[in-house]
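Numbering (our numbering), first residue to last: -6 to 255.
Here's the structure we're looking at; comments come further down.
Here it is as structure tokens:
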């Protein structure tokens, strides 16, 4: 006849005694387990942990294997916790950025290119940013259906139009009107540009690696020298053939204003 094992009974008794000892019941102290019984209890506990783990077959582990397995399980648990924390933080950050952009769009005034009217007095870009000795003047817009610059124009980078979109290109001339050489660093101003079409449809200007991007331009201009720069926005294809006015707003830190386009 197969000999019965009383280990499950010992484990159950030990567990109940341990639980009641914390509940304040008047019980005798938990019996002391032998080293062999302690090892069997540990093996049993690890076996439960590995019950749903296909990493191991059902077999007893040596002390060294047991220690390694416990370390592995702890690492897996820590990695899972870290991944969950990162996911929550990343989601919260994205929601915060989305809300900030939404508020910026809702609070952004627009300016009509034809009338020059807006909810605030329009200013030139250089006035708003406090750039001395330079002029930044709007010279017109163009629409590109595929990319900007067009293929074959010899520039290293280009901005592609998204599906169902055209690229609205606003052209500006930046001129050094001082009597000395000027170092210009638009990126250092932390300025953000928003582009509107027909008094609405406000979009953030594309951030690009183009050397002639107004928002990120950096260069040195001699006295009287000019650079042709652009702002780019993705607009619906159906809107491209029906543009009556465009507007630009500029934001830096907590300040925001409409931009003069004349």
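Just so it is clear, CB atoms sit at the ideal spot from N, CA and C, and this is done for glycine as well.
Just so it is clear, the structure is predicted and the values come from calculations on it, not from any experiment.
In terms of alpha-carbon separation, which member of 162, 135, 114 lies closest to residue 203? Check the Cα spacing between residue 203 and each of 162, 135, 114: the tightest is with 162.
Report buried or exposed for residue 199, applying the criterion of at least 16 other Cβ atoms within 10 angstroms of its Cβ. Buried is the call here.
Proximity below 9 Å, CB of residue 189 to CB of residue 152: With respect to the 9 Å criterion, residue 189 and residue 152 are not classified as neighbours on the basis of their beta carbons.
Would DSSP call residue 61 helix, strand or coil? Residue state, collapsed to three classes: helix.
Is residue 226 helix, strand or coil by DSSP? Judged by DSSP in its simplified three-state form, residue 226 adopts strand.
Considering just the uninterrupted stretch of the beta strand (DSSP E) at residue 143, what are its terminal residues? Bounds of any beta strand (DSSP E) do not take in residue 143, whose DSSP letter is neither H nor E.
Under the rule that 16 or more other beta-carbon atoms within 10 Å means buried, what is residue 172, buried or exposed? By the C-beta density criterion, residue 172 is exposed, having fewer than 16 other C-beta atoms within 10 angstroms.
What is the rounded straight-line gap between the Cα of residue 206 and the Cα of residue 253? Each residue's alpha carbon lies about 18 Å from the other.
List the endpoints of the continuous alpha helix (DSSP H) containing residue 120. Here the alpha helix (DSSP H) through residue 120 covers 118 to 122.
Which residue from 62, 80, 121 puts its Cα closest to that of residue 256? In the structure as shown, the chain begins at -6 and stops at 255. Residue 256 is therefore absent and cannot be evaluated.
Looking only at DSSP bridge pairs, what is residue 233 linked to? In the DSSP output, where bridge partners are listed per residue, residue 233 has none listed.
Residue environment, residue 86, which counts as buried when at least 16 other CB atoms sit within 10 Å: Label assigned to residue 86: exposed.
Since residue 169 sits in a beta bridge, which residues does DSSP pair it with? Note: residue 169 sits in a beta bridge opposite 127.
Which value, in whole angstroms, describes the spacing of the CA atoms of residue 213 and residue 140? Rounded to whole angstroms, residue 213 and residue 140 show a C-alpha spacing of 28 Å.
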